[in-house]
Every structure is written in C-alpha cells, then in structure tokens.
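Student:
Residue numbers (the numbering used here): 10 to 260.
1) Beta-carbon within less than 6 Å of residue 132's beta-carbon, same chain only, minus the 5 sequence neighbours each way: which residues are those?
2) Under 8 Å: do the segment 134-141 and the segment 112-124 share three or more Cβ pairs, one atom per stretch?
3) Given a cut-off of 7 Å, decide if residue 73 and residue 110 are closer than it, judged by their beta-carbon atoms.
4) Exposed or buried, residue 266, counting other C-beta atoms within 10 Å across all chains shown (16 or more means buried)?
5) If I follow the unbroken beta strand (DSSP E) through residue 252, where does it start and stop?
6) Would you tell me roughly how many angstroms separate the C-alpha atoms of residue 254 and residue 55, rounded to the nearest one?
7) For the segment 13-20 against the segment 28-44, do three or more pairs of beta-carbon atoms, one drawn from each stretch, fall closer than 8 Å, so that the two count as touching?
8) With a Cβ-Cβ cutoff of 7 Å, do residue 162 and residue 172 count as a contact?
9) Between the beta-carbon of residue 205 and the beta-carbon of residue 250, is there less than 7 Å?
10) For residue 120 and residue 165, what's the separation of their Cα atoms in angstroms?
11) Can you list, in chain order, the residues of its chain whose CB lies under 8 Å from that of residue 27, leaving out five sequence neighbours each side?
12) How big is the Cα-Cα spacing for residue 45 and residue 36?
13) Closest to residue 207 by C-alpha separation, out of 222, 187, 231, would be which residue?
14) On the CB-based measure, 16 or more other CB atoms within 10 Å of its CB, does residue 232 come out buried or exposed?
15) Whose C-beta lies closer than 6 Å to the C-beta of residue 77 among residues of the same chain, with five residues either side of it excluded?
16) For residue 156, which residues does DSSP report across the bridge?
17) Is it true that the CB of residue 196 sits closer than 7 Å to the CB of residue 230?
18) Thinking C-beta only, is residue 130 closer than 7 Å to residue 155?
19) Check the C-beta distance from residue 75 over to residue 108 and give it rounded, since I have them as a contact under 8 Å.
20) In the structure shown, what three-state DSSP assignment does residue 146 receive?
21) Check each candidate in 89, 228, 80 and name the one with the smallest Cα separation from residue 239.
22) Give every residue of the same chain whose Cβ lies closer than 7 Å to the Cβ of residue 66, excluding the five residues on either side of it in the sequence, and list them in chain order.
23) Measure the alpha-carbon distance for residue 96 versus residue 49 and round it to whole angstroms.
24) Measure from the alpha carbon of residue 201 to the alpha carbon of each residue in 143, 146, 158, then state which is nearest.
25) Work out the CA separation of residue 143 and residue 90 for me, nearest whole Å.
Below, the structure is given as structure tokens:
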C-alpha cells in the first residue's frame with residue numbers, strides 16, 4: 010500500500026462441536042467393583058480468529074514482518090480413568106505476537122532467518138497427572154492465564170560443490186501467571202534447543218548427510234508442579250543414499 014510496505018490480514022470463523030457418548034460399565038478403583046456409567050454430553054463453541062500484520066522490505070533481499078494472530082483449541086469432555094467423573098475442559102485461546110526477519114546473501118547462497126515471539130494464553134489446556142496409581146495417565150485442566158516468549162534463528166549456506174550446511178537455535182521461557190501452579194514453567198518446554206548439520210549431494214546422485222541436535226532439560230508431561238525434570242539430551246543423525254529421477258534409496 011506504500012512503497013516497500015505490505016499489509017497482511019486475514020481471519021477464520023470456526024464453529025466446533027465435540028460430543029461424548031458412552032453407555033456401559035467400568036471398574037471403580039475406590040471399590041474395585043463394576044459400576045454402571047452413562048455419559049452423554051457435548052461442548053460447542055464459535056470463535057473468530059483474526060490475523061493482522063505489517064511487512065517492510067529493507068531491500069530486495071531482506072524483509073521484516075510483525076504479526077498478531079489469534080489461535081484456538083476447542084473445549085471437550087473426558088472420562089477420568091477409574092472413576093465415573095466426567096471432566097469438562099473449556100476452550101483455549103492464544104494471542105501470538107511475532108517479529109520475523111528473512112534474508113538472503115551472497116547471491117542467495119546464504120539464508121539467515123529469525124523470529125521473536127510472545128504468546129499470551131487464556132484458559133490454556135494443560136495435562137495433569139491426577140493419580141500416582143496411574144503413572145503417565147493425565148487429565149486436562151485450564152490454566153487461567155499463562156505466557157511464553159522466546160526467539161528462533163535459522164542459518165543455511167549452500168556451497169558451489171553441492172555441500173549445504175545448516176544450523177538453528179531456539180530459546181524459550183514459559184510461565185503460568187494465575188491459578189494453583191502460578192509461577193511454574195510449562196511441562197515439556199525446553200528453554201534451549203540447538204542443531205547443526207549438513208548434506209552433500211554429488212552430481213552422480215549420491216548423497217550423504219548428518220546433523221546433531223541438543224535439547225535442554227525440561228519438566229515431564231503433566232508435571233505442572235515442576236517436581237520431576239528430564240535431563241538434557243543430544244541426538245545424532247546420519248544418512249547416505251542415492252537419488253535419480255523418480256528413485257531414491259537411503260540408509
């Protein structure tokens with residue numbers, strides 16, 4: 010709409026209906042006897058999800074963009090294992106604010122891309138371990154307010170001889186702002202992830218590649234009280250293969 014400026018906009022109107030119907034019996038863990046169970050309920054919701062942003066062309070090879078987008082997860086109901094209790098979960102909404110940078114350098118051989126983001130949640134759907142007799146089993150709760158923020162960086166370079174190198178870095182902080190676990194971090198949300206790798210493609214069709222990725226420690230699934238954490242870990246991948254026309258084989 011103005012030289013080097015672009016308006017980004019859109020929206021989606023969503024209507025969801027989630028139903029649960031069950032007739033039968035189950036084992037009640039409090040009495041270890043079978044009890045009848047009838048569940049017949051549905052949850053419906055209508056949401057408008059807008060998106061708006063501005064992009065600015067620094068030059069023909071560099072762009073900046075700022076966007077605000079609303080996200081949404083529908084509500085639902087679930088049966089709490091070992092009981093006749095039906096747990097109803099409200100819809101989750103999210104406002105995502107992002108600043109993105111995209112660039113190409115050295116005759117497009119080098120790409121440097123980055124993002125800075127802030128996510129503002131309302132009624133975030135969070136898995137919660139509810140009974141030590143059923144480790145790993147979770148129910149979903151709604152956290153009143155929560156947020157996360159961070160940054161991402163991605164770099165890729167292509168050599169003239171068929172070699173391509175790439176690397177990435179992700180940083181994130183999370184926090185529950187209100188509710189029973191206010192001040193705690195999200196489960197399954199590592200604060201640091203990093204990767205580096207490359208691939209070589211020969212004109213004959215032979216190729217070989219590999220990468221190494223690092224994930225920082227984080228709290229395990231359902232651990233909203235931040236009592237049980239997993240150590241950081243590193244994964245190494247390697248592959249070799251041959252590709253020609255419509256045929257490809259990889260080991």
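Yeah, the Cβ is synthetic: ideal placement off N, Cα and C, and Gly gets one too.
Tutor: The answer reads as follows:
1) Answer for residue 132: 99, 101, 151, listed in chain order.
2) No, the segment 134-141 is not in contact with the segment 112-124.
3) It is a contact, given that the beta carbons lie within the stated cut-off.
4) A question about residue 266 goes unanswered here, because the residues of the chain that appear run from 10 up to 260.
5) That run of the beta strand (DSSP E) goes 242-253.
6) Between the alpha carbons of residue 254 and residue 55 lies a gap of roughly 48 Å.
7) Output reads no: the segment 28-44 does not touch the segment 13-20.
8) Between residue 162 and residue 172, the C-beta gap is not smaller than 7 Å, which leaves the two residues out of contact.
9) It is not a contact, given that the beta carbons lie outside the stated cut-off.
10) Their Cα atoms are separated by approximately 5 Å.
11) Only 51, 52, 53, 83, 84, 85, 86 meet the Cβ criterion.
12) Distance between the alpha carbons of residue 45 and residue 36 is about 9 Å.
13) For residue 207, the closest C-alpha among the options 222, 187, 231 is that of 222.
14) Under this definition residue 232 is a buried residue.
15) Leaving aside the five residues that flank residue 77 on each side, the residues in its chain whose CB is nearer than 6 Å to its CB run, in chain order, 61, 106.
16) Answer is 129, 184.
17) With respect to the 7 Å criterion, residue 230 and residue 196 are classified as neighbours on the basis of their beta carbons.
18) Taking the C-beta atoms as reference points, residue 130 is found nearer than 7 Å to residue 155.
19) Between the beta-carbon of residue 75 and that of residue 108 there is about 5 Å, and that keeps the pair under the 8 Å contact cut.
20) Look at residue 146 here: in three-state DSSP terms it is coil, with no helix or strand label.
21) Nearest C-alpha to residue 239: 228.
22) 13, 72.
23) For residue 96 and residue 49, the distance between alpha carbons rounds to 13 Å.
24) Comparing Cα-Cα distances from residue 201 to each of 143, 146, 158, the minimum goes to 158.
25) Spanning the two alpha carbons is a distance of roughly 9 Å.
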